Amino acid sequence: MLENLLPFDSHFLDRNGNKLHYVNEGQGEPVVMVHGNPSWSYYYRNLVGALSPTHQCIVPDHIGCGLSDKPDDPDYDYTLKNRIDDLEALLDHLDVKDNITLVVHDWGGMIGMGYAARYPDRIKRLVFLNTAAFHLPESKPFPWALWVCRETILGTFLVRGFNAFSSIASYVGVKRNPMPKEVREAYVAPFNNWKNRISTLRFVQDIPLKPEDRNYDLVSSIADSLPQFSNVPTLICWGLQDFVFDKHFLDKWRQHMPHAQVREFDDCGHYILEDASEDVIGLIQHFMAEQPQS
1 MLENLLPFDS HFLDRNGNKL HYVNEGQGEP VVMVHGNPSW SYYYRNLVGA
51 LSPTHQCIVP DHIGCGLSDK PDDPDYDYTL KNRIDDLEAL LDHLDVKDNI
101 TLVVHDWGGM IGMGYAARYP DRIKRLVFLN TAAFHLPESK PFPWALWVCR
151 ETILGTFLVR GFNAFSSIAS YVGVKRNPMP KEVREAYVAP FNNWKNRIST
201 LRFVQDIPLK PEDRNYDLVS SIADSLPQFS NVPTLICWGL QDFVFDKHFL
251 DKWRQHMPHA QVREFDDCGH YILEDASEDV IGLIQHFMAE QPQS
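Per UniProt numbering, the very first residue in the sequence shown carries number 1; after that it's consecutive.
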């Protein structure tokens with residue numbers, strides 16, 4: 001049972017007939033943790049365990065991921081705007097509208113900062129973990145593996161037929177500390193058949209690369225919103241061996257957020273909270289202690 005993989009109670013919000021699963025642990029100022037692709041709320045389990053004694057930790061599973069429903073295309077439009085709408089609906093449901101610490105990883109950066117762009121006054125702190133909230137940097141070629149998944153029938157077959165994206169990510173996404181077998185299996189468990197792998201593929205297909213792509217203007221507007229956060233305390237923890245969110249993306253973050261505290265991990269990959277769990281959690285705890293709860 002997937003529920004047994006999370007050491008927390010499960011909660012569900014109805015989103016137009018689809019169940020959105022979320023973790024809601026602890027009390028205090030809210031910490032909203034937004035995962036990416038191909039992961040789920042499991043990614044933040046250790047951070048929730050560390051912060052929930054003093055904070056309200058909220059971690060949604062995006063529709064199609066984790067313990068959330070995995071509808072077919074007619075029943076859910078797998079696009080960035082809907083992901084942001086889902087996050088907004090969840091936080092409104094929980095009446096979480098002030099002093100938010102936003103922790104984002106991978107696609108969670110675009111989703112979380114899409115929400116922040118709508119409500120910048122609600123954000124108290126920002127934590128970025130190998131993510132983006134802007135277009136592919138001009139200096140960064142689009143990775144061939146993503147191109148295959150995004151553009152070809154072979155990619156669809158590999159992702160949905162063999163779970164190639166999620167399975168491979170559980171190996172190549174860590175460098176310092178290879179995932180134990182049970183952790184690797186937990187990452188891929190929600191994506192256990194063709195139907196349940198729909199979001200993994202749709203996330204990749206939703207990456208906007210050209211002005212005519214569906215979310216291009218939305219991503220542009222999110223990037224344009226970043227100057228609003230120039231006075232918001234920001235921490236960036238970065239695994240430099242990430243084959244997608246690499247030094248090119250980190251350099252872009254430095255341009256957008258020159259005030260941020262930046263910690264680079266030369267020997268870590270995409271899943272920085274797995275590769276350097278204790279280090280990163282300690283940095284986040286120290287960072288949050290610098291701006292005490294109101």
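A virtual CB, placed ideally from N, CA and C, is assigned to each residue, including glycine.
Bear in mind the structure is a predicted one, so any value in this text is a computation, not a measurement.
Have a look at residue i and residue j and give me their C-alpha separation to the nearest angstrom.
i: Pro53; j: Ala289; result: 14 angstroms
i: Gln285; j: Thr101; result: 12 angstroms
i: Arg202; j: Ala116; result: 23 angstroms
i: Asp266; j: Gln241; result: 7 angstroms
i: Met113; j: Asn18; result: 23 angstroms
i: Glu212; j: Glu151; result: 15 angstroms
i: Gln255; j: Leu80; result: 24 angstroms
i: Arg214; j: Ile236; result: 29 angstroms
i: Met110; j: Thr131; result: 8 angstroms
i: Arg263; j: Ile281; result: 12 angstroms
i: Arg45; j: Pro233; result: 23 angstroms
i: Lys195; j: Lys70; result: 7 angstroms
i: Val219; j: Met257; result: 17 angstroms
i: His248; j: Leu136; result: 9 angstroms
i: Cys268; j: Lys140; result: 19 angstroms
i: Glu216; j: Pro227; result: According to the sequence displayed, residue 216 carries Tyr and not Glu. Taking the straight line from one Cα to the other gives about 19 angstroms.
i: Gly49; j: Met33; result: 13 angstroms
i: Gln27; j: Lys252; result: 35 angstroms
i: Gln293; j: Asn231; result: 17 angstroms
i: Asp98; j: Asp85; result: 18 angstroms
i: Leu13; j: Arg83; result: 14 angstroms
i: Ser225; j: Val127; result: 16 angstroms
i: Ser199; j: Asp61; result: 11 angstroms
i: Pro120; j: Ile222; result: 11 angstroms
Would you mind giving the Cβ-Cβ distance between residue i and residue j, rounded to the nearest angstrom? I have them listed as a contact below 8 angstroms.
i: residue 295; j: Leu5; result: This structure cannot speak to residue 295, because the chain is shown only from 1 to 294.
i: Leu67; j: Glu3; result: 7 angstroms
i: Gln261; j: Phe287; result: 7 angstroms
i: Arg122; j: Ala276; result: Not really, about 29 angstroms apart at Cβ, beyond 8 angstroms.
i: Gly206; j: Tyr76; result: Reading off the sequence shown, one finds Asp at residue 206, where the question assumed Gly. The pair is not a contact, with the Cβ atoms about 12 angstroms apart (cut-off 8 angstroms).
i: Leu146; j: Val183; result: Not really, about 24 angstroms apart at Cβ, beyond 8 angstroms.
i: Tyr171; j: Ser39; result: Wrong, their Cβ atoms sit about 14 angstroms apart, outside the cutoff.
Which two residues bound the contiguous alpha helix (DSSP H) that contains residue i?
i: Ile111; result: Trp107 to Arg118
i: Phe287; result: Ser277 to Ala289
i: Gln255; result: Lys247 to His256
i: Val219; result: Tyr216 to Ser225
Does the beta-carbon of residue i have 16 or more other beta-carbons within 10 angstroms, so that it is buried, or is it exposed?
i: Asp95; result: exposed
i: Tyr22; result: buried
i: Pro178; result: exposed
i: Ser41; result: buried
i: His55; result: buried
i: Lys181; result: exposed
i: Asn37; result: buried
i: Ile153; result: exposed
i: Lys210; result: exposed
Starting from residue i and walking both ways along the beta strand (DSSP E), at which residues does that stretch end?
i: Phe265; result: Gln261 to Phe265
i: Asn130; result: Ile123 to Thr131
i: Arg239; result: A small correction: the amino acid at residue 239 is Gly; Arg does not occupy that position in the sequence shown. It spans Thr234 to Gly239 - the beta strand (DSSP E) in which Gly239 sits, taken as one unbroken run.
My parser needs the alpha helix (DSSP H) runs of 4 or more residues fully inside the stretch 153 to 212; what are they?
Counting whole runs of 4 or more residues, the stretch 153 to 212 contains the alpha helix (DSSP H) stretches 153 to 156, 164 to 172, 181 to 188 and 198 to 205.
My parser needs the alpha helix (DSSP H) runs of 4 or more residues fully inside the stretch 3 to 79; what are they?
Taking only runs of at least 4 residues, the alpha helix (DSSP H) segments lying wholly in the stretch 3 to 79 are 45 to 51.
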